[in-house]
Amino acid sequence: MERATILGIYDFIGYSLCRHMLDLGVEIDGIHQSGNIDDYFTEEKRLEIGRNANFSEISLQDWEAEQAEGFLFVTLFESLQNRNGSNDLLKVLLSKLEDRHLKKLPTAVILPAYFAQENVDFREAETKISTYIGNRESTLLTIYLPTIYGPWQPEECFFQQAISHSSNNGRKIPDLSKWEWTHDCLYINDAVKTIQEMAESGQQGQYILASGEQDRWQQCAEELIGQEAAILRNEVVAPVIKETIQVRTIGKNEQISKGLSRQKEHFTRIQDSRV
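Per this note's numbering: the sequence shown ends with 820, consecutive numbering throughout.
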């Protein structure tokens, strides 16, 4: 793979995928929704990759879809987890994806795992995304992700909240959001490496990535908040995954303690830089 376009470049997955592919020498066009004031974390991410000669940032509004080259990654993992947010991004994105040229490009759509479940209540734009995937299923690579942890995990996620509470000398157990996937988790580098390899190999179809380890999310929670995490076990109900979705178990998982240590160190560095 020599060129790629990533829609949602500062999304947790999009950004980490971009960094991984830049390290491989891939030229990246990163598409970002403009119009809103970028938060501190977006600015930090921009500083980290903006100086790379193989990276170009383009606003979603200015992006000319017919000029896209190489592989197209549509990363909606973070924006779809923020279910209280606006549908505006999804509506603009869907209109772009209907471009005749884009339909010819090899494409991967990255979604949170709750999208893989049977009988989920979707918002209007989410329903349209599901329809888009259904209409192009034979030509798309659709990847559903469980909880992903590591540097740059969104602040709303359970693990990141636990780290934040701990840094404030508190042991409060964070609230568990409805969209938090407690059935499994993967370290960010393991996830993006697998996504890139699946795309590179030309795979198509629908897959949910899995660690292959039992209670991995619970193990991460215990690493962060100790035995208090045991009360969370009662809240886990096994999901029913759509029959059309295959399970793809990653080759090797990062050690939980190492992955969470990197996330903690990164969080501390970012907090210190804001002082």
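For every residue, glycine included, the Cβ atom is placed at its ideal position computed from N, Cα and C. On a predicted model such as this, the values are computed, not experimentally measured, just so you know.
- A residue is called buried once 16 or more other Cβ atoms fall within 10 Å of its Cβ, and residue 746, having fewer, is exposed.
- Straight-line spacing of the CA atoms in residue 616 and residue 572 works out to 10 angstroms.
- Put simply, of 742, 750 and 693 the residue whose alpha carbon is nearest the alpha carbon of residue 725 is 693.
- Apart from the 5 residues on each side of it in sequence, residue 762 sits with its Cβ closer than 7 angstroms to the Cβ of 692, 727, 728, 729 and 730 in its chain, given in chain order.
- A distance below 6 angstroms between beta-carbons, with the five flanking residues on each side excluded, links residue 584 to no residue of its chain.
- With respect to the C-alpha of residue 646, the residue from 702, 598, 620 and 614 having the closest C-alpha is 614.
- Straight across, the Cα-Cα distance linking residue 705 with residue 807 is about 12 angstroms.
- In the structure shown, the three-state DSSP call for residue 637 is helix.
- In this structure, residue 816 keeps its C-beta atom at 8 angstroms or more from the C-beta atom of residue 566.
- When DSSP reads this structure, residue 577 sits in a beta bridge with 604.
- The closest CA to that of residue 605, considering only 665, 612, 553 and 656, is found on 553.
- With contacts defined as CB atoms closer than 8 angstroms, residue 658 and residue 618 fail to qualify as a contacting pair.
- Measuring C-alpha to C-alpha distances from residue 810 to each of 798, 753 and 698 identifies 698 as the nearest.
- Scanning the region 681–732 from its first residue to its last, the whole beta strand (DSSP E) runs of 3-plus residues come out as 685–690, 692–694 and 730–732.
- Per DSSP, residue 813 is one residue of the alpha helix (DSSP H) stretching across 801–818.
- In the structure shown, the three-state DSSP call for residue 737 is helix.
- Take residue 710, set aside five residues on each side of it, and the residues of its chain with a beta-carbon closer than 6 angstroms to its own are 717, in chain order.
- One thing to note: residue 736 has its Cβ within 8 angstroms of the Cβ of residue 690.
- For residue 766, the enclosing alpha helix (DSSP H) begins and ends at 761–770.
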